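Residue numbers (our numbering): 4 to 46.
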């Protein structure tokens with residue numbers, strides 16, 4: 004029974020990592036676009 008609990012925790016951890024990874028990718032894309040726009044404004 005303990006092993007099943009550990010597996011469930013691992014699955015949840017993997018899901019959280021995947022979700023956070025997607026969020027980080029989106030944030031980096033937004034940061035890049037805003038950074039480019041700010042550079043255009045400065046130049």
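The C-beta atom is built at its ideal place from N, Cα and C for all residues, glycine as well. Model, not experiment: these values are computed from the prediction.
Residue 16 and residue 31 have their C-alpha atoms some 22 Å from each other. Put simply, the backbone Cα of residue 39 is about 23 Å away from that of residue 24. CA-CA distance, residue 34 to residue 28, rounds to 10 Å.
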